[in-house]
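Here the sequence shown stands for residues 6 to 928, numbered as in the numbering used here.
The structure under discussion appears below in the form of structure tokens.
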Amino acid sequence: MKITCWVAAPILVCSLLLNGCDQTTDGMSYLDSANLYYLEGDYASSRIQLKKALQSNPENIEARWLLGSIFFAEENMPSAELELEKYIEFGGDVNLALPILSKIYVEQNKLRSLNQIDLSNLVAKPKSMVLASQSLGLLSAGQVQEAESKLRQAEALNSNESYVKLARAQIDLSKAGNDISEIQSLVESVASEDPSNALAWKLLGDIRQIDGDMLEAEANYTKAIKYSARNIRAHYGRAISRFRMEEVDKAYEDIEVIKRYSPKSVMYQYLNGVYQFSKGKNKAAIEALLVANETDYFPIANYYLSLANLAEGNEMLAENFAEEYFEFEPEDLSGRKLLAGLYLNSGKAKSVVRILAPLTEQDPEVMSLLARAYLELGQVEQSVELLTQISAVQPESPKVLMDLGNSYMMLGNKKEGLRHLQSAVALDDGYDPAHVSLVVGLVKADEYNKAIEIAKAYRDKNPGSYVSYNLLGLALWKSGDIEQAKEVYQTSVSLNSNDTAVYKALAGIAMEQGDVALAEHHYQKMLDIDPKNYWVMMKLAFINSAEEDNAQMIKYLKMAIEVEPEKVDPRVVLARYYLSKSEFLKVNVVLSGLPQKKMRDPAVLEVSAISRFKAQDYKGAARKLEHYTQINPDSVANNYLLAKAYAGMGRKKAMVKQLQHVIEMKPDFSPARLDLARQYLTEKKLDDALEQVLVVQKLIPDNLDALKVEYAIAKLRGNGEVYTDILQRIYSIEKTEDNLIELARVKKMSGERREAESLLNDWIQNNKKSIGARLELANLMSENGQKDKAIEYYKSTILIDGENYKAMNNIAWNLLESNPAESLEYAKKAVDKNPDSPMVLDTLALAYLHNGEEKLAQKTVKMALRHSPNDPQIIYHSAKIDVVSGDVSSAKRTLLDLLDKYPEFSSREDVAALLAEVTLNSE
């Protein structure tokens with residue numbers, strides 16, 4: 006870097022004034038020598054002498070000033086900063102030091118230090134230079150308006166200072182719409198006045214680069230480097246110019262210089278990444294560019310990271326980096342086109358339209374990408390319109406004609422489609438995609454003979470091309486000549502065994518012929534060739550699902566997830582499988598791997614909600630379903646499931662409102678009406694419940710669920726004849742044991758005990774292993790006083806089900822008086838089977854009592870009460886046990902409490918009688 010006269014002159018002045026300073030003789034000698042070396046340009050020797058002078062006197066401001074100036078000239082900014090700050094600290098002239106120090110802060114991007122410079126003691130010229138530096142600091146921070154304001158203060162003090170002029174040029178360059186020629190004239194005037202001003206030449210290089218004149222830009226950067234060899238910004242600019250001129254090896258020279266001076270800088274990492282990419286070393290490029298991308302200084306690093314990852318086959322990462330770059334630089338057409346192409350490859354046609362449709366440029370590549378996106382979205386008219394415009398600009402482009410032909414085919418205009426496809430082939434007979442599209446088009450138009458003819462002609466021209474055999478195989482296959490097609494495809498395999506398309510075709514033929522194993526073999530071949538083929542993995546997963554080979558299905562779905570972790574389909578399919586197995590935790594684990602934005606996908610929300618619902622996480626299910634129904638409000642099933650989730654949460658009002666909403670959506674959706682009827686039933690709104698039931702019965706006569714709700718309504722209303730008739734209808738439709746038992750009970754309650762007994766006996770005769778009906782018949786016998794018959798049925802139940810504690814308990818109950826010892830035996834067996842049943846413990850307590858074991862009776866009945874403290878029957882039995890045990894006062898308290906708290910107790914008269922007896926005997 007050249008030291009301008011206003012820096013060099015004070016250095017000489019200091020040396021002339023040395024004799025008047027308080028210096029040691031050695032210090033003066035060292036300083037004299039340093040000055041001589043400095044004037045000869047021998048900075049290294051000068052530094053040695055200056056360091057000796059500072060060892061003699063660390064506060065020697067002249068030595069500090071000269072050493073700082075040398076470091077600045079050598080572009081050693083950290084050392085220059087240290088020496089100049091010491092110079093000011095020890096009383097040096099701020100008017101000399103601060104202009105240079107401010108430049109040092111700018112070079113090192115030390116914006117805080119730059120803004121904290123005290124301007125109060127500066128005269129006009131140095132103050133203007135510090136203000137210019139501060140404006141450049143603000144500019145680097147993106148604060149353009151503040152930078153403009155600061156620079157105007159500098160210009161007001163000294164607008165003729167070259168450094169201020171160059172600051173003006175840099176700020177004006179940053180503003181869109183400024184006349185670049187005026188900026189160029191300003192910088193050229195500075196370069197003309199001071200031909201060795203490195204900054205001016207560097208700026209001229211920037212201007213030429215913006216203009217697109219890379220050769221002239223390179224020349225200007227070279228001059229900047231001539232006057233400031235360590236100027237890494239000039240080296241950076243020159244490297245970029247050389248890259249754009251495809252002089253990669255010459256660019257590398259600049260990269261090496263930057264590496265030497267600043268090996269850890271993001272500037273070096275970015276340029277090295279671009280260099281490695283240009284040499285095809287994508288992995289090395291990615292490594293360097295990722296380091297550069299850790300800051301926001303080089304957003305274009307995302308662009309190259311996208312290209313490098315695309316070259317490495319990492320399309321998902323390529324798309325992510327392209328999106329990052331698009332967010333930084335939405336105006337860069339190259340970045341936008343790159344992202345659009347990646348979106349097309351990943352099936353995101355809507356995203357392509359979103360980023361390209363707003364553009365007004367008539368760029369053929371943009372229009373082509375947009376046309377393909379419209380084609381994928383089925384918006385064929387828009388695709389045709391765009392492609393027609395492109396064909397007018399590029400009438401000799403076979404690709405455009407091919408795309409236009411394919412669009413017409415999709416539009417159903419086979420005549421125009423085939424015409425354009427034939428034109429594409431005629432323009433370039435060697436353009437394989439056009440031949441493929443033409444043969445496919447003819448097949449779609451059912452012109453099989455023509456397709457075969459063209460495919461054969463193409464094969465004859467390209468006998469070594471596997472593509473030609475694939476085309477012929479397709480035409481033969483679709484024409485119905487399967488065996489000939491398979492032979493042709495095998496020839497294609499012999500020419501190129503690594504072509505996945507031929508195996509896909511062979512797999513398709515195998516599937517049509519019902520040979521699933523052969524199809525799977527061909528798909529596996531595709532996977533061997535392309536281990537990351539997501540489509541094949543999903544195909545194999547579905548084949549194995551159909552074959553009920555769940556282990557293989559899971560294997561391929563997991564492979565698909567590993568290859569495309571952000572894809573929804575494989576995760577949802579796997580989650581649904583786990584859901585069918587009630588493995589709810591696995592459902593959550595599979596879905597949790599999706600990025601947050603994909604978690605709102607309707608399919609994800611649906612399966613997640615159902616999983617949570619089945620796991621009885623009703624709150625979680627409701628939250629998911631609320632999101633789902635916002636996105637997909639017309640889904641009756643999921644709106645209904647939301648109502649069920651509200652029910653599970655106990656939010657009855659929300660459930661009723663949601664059920665009413667479902668009925669509004671679909672008036673004939675009977676499950677919602679029945680659930681609403683059941684809720685009305687619990688609220689004793691019997692008329693409202695019946696209204697819903699009648700609608701369902703009109704929609705679906707003899708609907709069992711509707712009949713059951715109607716039965717419950719009739720039973721609550723106490724109309725025995727009506728509800729008995731309804732129950733008869735239910736039983737005639739659904740002859741289940743539960744319905745039979747309910748019918749028998751109804752018959753018994755209405756006094757038709759023989760009919761009830763007959764129903765139960767008939768069922769038992771036809772269902773020898775019946776448990777419920779046997780118990781019900783035994784209970785009926787017991788109630789009729791036929792205890793021996795009842796015991797017989799209870800014992801036959803135990804023979805069928807040796808664990809049936811109810812039968813054991815009921816035998817014990819029926820034997821309490823007739824055979825207390827056997828009663829106690831069965832009661833103990835019942836307790837062994839179910840030790841926590843208050844009913845069984847109560848029976849055991851009475852059995853102990855009847856066997857004269859009062860203390861055990863008291864202990865056991867207390868255990869029963871711990872399990873069921875509010876059962877009046879057990880409380881009554883505890884009082885009877887206390888009476889027999891002689892604990893009269895306790896019995897009296899219990900009986901009085903029982904009469905007070907349980908006015909509806911069915912044995913209330915027995916309680917009152919026992920209380921009277923106890924009271925009389927205690928007087």
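From the three backbone atoms N, C-alpha and C, an ideal C-beta is built for every residue, glycine too.
(1) Just to confirm the assignment: which complete alpha helix (DSSP H) runs, minimum length 4, are found wholly within the segment 803-827?
(2) Reducing DSSP to helix, strand and coil, say where N789 ends up.
(3) Grouping DSSP H, G and I as helix and E and B as strand, with all else coil, what is F674?
(4) Looking at I93 and A102, is the spacing between their C-beta atoms short of 8 Å?
(5) Look up L124 in the DSSP assignment and say whether it is helix, strand or coil.
(6) Could you have a look at E571 and say whether DSSP puts it in helix, strand or coil?
(7) Helix, strand or coil, according to DSSP, for D27 in the structure here?
(8) Measure the alpha-carbon distance for K404 versus A439 and round it to whole angstroms.
(9) So, does the segment 427-444 touch the segment 400-418, judging by three or more C-beta pairs under 8 Å?
(10) With distances taken between CB atoms, is the gap from L106 to E90 smaller than 8 Å?
(11) Exposed or buried, which one is A49 when buried takes at least 16 other CB atoms within 10 Å?
(12) In chain order, what are the residue ranges of uninterrupted beta strand (DSSP E) at least 3 long that sit wholly in the segment 690-756?
(13) Applying the 10 Å Cβ sphere with the 16-neighbour rule, what's the burial state of D211?
(14) Less than 8 Å separating the beta-carbons of P676 and Y651?
(15) Could you tell me whether the Cβ atoms of L764 and V751 are closer together than 8 Å?
(16) Nearest CA to the CA of L935: which residue from D218, S197 and Y226?
(17) Locate the alpha helix (DSSP H) running through P369, then write down its first and last residues.
(18) Whose CA, out of E739, E221, T865 and N824, lies closest to the CA of D841?
(19) Could you have a look at M6 and say whether DSSP puts it in helix, strand or coil?
(20) Helix, strand or coil for D841, going by three-state DSSP, please let me know.
(21) Starting from the C-beta of Y728, find all residues in its chain whose C-beta is less than 6 Å away, skip the five residues before and the five after it, and write them out in chain order.
(22) Closest to L322 by C-alpha separation, out of P335, N350 and E336, would be which residue?
(23) Shortest alpha-carbon distance to V472 belongs to which of E458, N501 and E488?
(24) Pairs of beta-carbons, one from the segment 448-456 and one from the segment 473-483, closer than 8 Å: are there three or more?
(25) Among residues of its own chain, excluding the 5 on either side of Y654, which ones have a beta-carbon nearer than 7 Å to its beta-carbon?
(26) Does the distance from the C-beta atom of L416 to that of V445 stay below 8 Å?
(27) Using only the alpha-carbon positions, how far apart do L178 and S186 sit?
(28) In the segment 544-603, which residue ranges form an unbroken beta strand (DSSP E) of at least 3 residues, counting only runs that do not cross its ends?
(29) Taking the alpha carbon of V358 as the reference point, which residue from K713, P369, L443 and A378 has its own alpha carbon closest?
(30) Return helix, strand or coil for N307, following the three-state DSSP convention.
(31) In this structure, does DSSP put N298 in helix, strand or coil?
(32) Within a Cβ cutoff of 6 Å, which residues of the same chain sit near D680, ignoring the five residues on either side of it in sequence?
(33) Quick one: is I746 buried, meaning 16 or more other Cβ sit within 10 Å of its Cβ, or exposed?
(34) What is the C-beta distance between L829 and Y853, in whole angstroms, given that I count them as a contact (C-beta under 8 Å)?
(35) Going straight from the alpha carbon of P304 to that of K130, what length do you get?
(36) Exposed or buried, which one is R52 when buried takes at least 16 other CB atoms within 10 Å?
On the basis of the data shown:
(1) 810-819
(2) The DSSP-derived three-state label of N789 is coil.
(3) coil
(4) Closer than 8 Å, so yes.
(5) coil
(6) coil
(7) The predicted model places D27 with a pLDDT of 43, which falls under 50 and marks its position as unreliable; any figure quoted below should be read in that light. Residue state, collapsed to three classes: coil.
(8) Going by the C-alpha atoms only, they are around 7 Å apart.
(9) yes
(10) yes
(11) exposed
(12) none
(13) buried
(14) no
(15) no
(16) In this structure the chain extends from 6 to 928, so residue 935 is not present and cannot be described.
(17) P369 to E381
(18) If we check each option's Cα against that of D841, T865 comes out closest.
(19) Note that M6 has pLDDT 41, beneath the 50 cutoff, so the model's placement of it is unreliable and no number is given.
(20) coil
(21) If we look at Y728 and ignore the five residues flanking it on each side, its Cβ neighbours are Y716, A719 and K720.
(22) N350
(23) Distance from the Cα of V472 is smallest, within the candidate group E458, N501 and E488, for N501.
(24) Note that the segment 448-456 touches the segment 473-483; at least 3 beta-carbon pairs, one per stretch, sit closer than 8 Å.
(25) Reading the sequence as shown, one finds Met at residue 654 and not Tyr. Here the set comprises Y623, K624 and A627.
(26) no
(27) 10 Å
(28) none
(29) A378
(30) helix
(31) coil
(32) L664
(33) buried
(34) 7 Å
(35) 37 Å
(36) buried
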